Every structure is written in structure tokens, then in C-alpha cells.
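> I am attaching a structure below and will ask some questions about it afterwards.
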Amino acid sequence: MNGSSFLIMGIVMVGMMFLTMRTQKKQQQARLDMINSMKPGDKVVTIGGLYGVVDSIDTDVNTVTLDIDGIYLTFERAAIRTVVAAGTPEVAPTVKPEDLSPADPVDPVVSDSVIEE
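For the sequence shown, the residue numbers in my numbering are 46 to 162.
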């Protein structure tokens with residue numbers, strides 16, 4: 046390989062590193078914005094999978110207290126995975142029958158043959 050091949054490989058590697066770091070930074074900023082926008086009454090899911098409602102937020106200690114069916118638990122704010130705003134309805138995605146593609150009809154085959162190993 047000559048010098049220009051190494052130069053091109055180096056430029057490609059630096060470009061890939063730049064794009065990777067930029068994507069990670071965007072994801073980190075989006076998560077930080079989500080956690081900072083959290084307010085009492087919001088529904089949340091913790092990283093452990095607990096569903097609860099934000100009761101209070103202590104920014105000095107960086108904790109959040111969740112009401113989980115009448116049980117109050119305190120978590121670090123970083124332990125919140127998902128925040129659903131208080132007024133946002135949780136609606137499951139609906140699939141209309143016309144959106145589905147018809148599958149090829151499959152006739153069940155009943156056979157008396159035995160599969161040998």
C-alpha cells in the first residue's frame with residue numbers, strides 16, 4: 046500500500062469516529078432534556094422496569110420520588126428510562142385490517158406418515 050491509501054483509510058476512520066461521537070452526543074442530549082423536563086404528575090418507567098408517577102423532584106440531591114401504587118420510592122434521576130407527560134394518553138398502536146397484507150392461504154396437511162430420524 047502506498048501513502049495515499051493510508052491517507053484515505055485515515056480520513057474514513059476519522060469520519061466514522063466523528064459521526065459516531067455526534068450521534069452519541071445527540072442521544073445523550075435528548076435523554077438529558079427528557080429527564081430535565083420531568084415534573085410531578087408525569088408517568089415514568091425506571092431502568093428496572095418499575096412504572097410510577099413522579100411525586101417530587103429534588104434537584105439539589107438529584108433524586109426523584111415516585112408514587113408506585115401508593116408506595117413512595119426514591120430514585121436517582123438517572124434511573125429514569127422513559128418519561129410520559131402527564132396529559133399524554135398511552136395509546137397502543139392500532140393496526141387496520143386493510144394495512145395487513147393477506148397471507149398465502151395455508152391448508153393444514155394431515156398425514157399419517159411418520160418422520161424417521
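Every residue, glycine too, gets a C-beta built ideally from N, C-alpha and C.
Note that the structure is predicted; figures quoted are calculated from it, not measured.
#1: Shortest alpha-carbon distance to residue 83 belongs to which of 63, 104, 73 and 116?
#2: What is the residue span of the beta strand (DSSP E) that residue 111 lies within?
#3: Taking the Cβ atom as the reference point for each residue, do residue 127 and residue 119 lie within a distance shorter than 8 Å?
#4: Would DSSP call residue 95 helix, strand or coil?
#5: Do the CB positions of residue 129 and residue 87 come within less than 8 Å of each other?
#6: DSSP on residue 65, reduced to helix/strand/coil?
#7: Can you look up residue 88 in the DSSP assignment and give me helix, strand or coil?
#8: Could you give the distance in angstroms between the alpha-carbon of residue 57 and the alpha-carbon of residue 63?
According to the structure shown:
#1: It is 104 whose Cα lies nearest to the Cα of residue 83.
#2: Start and end: 108–113.
#3: No, the pair does not count as a contact, with Cβ atoms beyond the cut-off.
#4: Residue state, collapsed to three classes: coil.
#5: Yes, the pair counts as a contact, with Cβ atoms nearer than the cut-off.
#6: In this structure, residue 65 counts as helix in the three-state DSSP scheme.
#7: If DSSP states are grouped into helix, strand and coil, residue 88 belongs with the strands.
#8: Those two C-alpha atoms are separated by around 10 Å.
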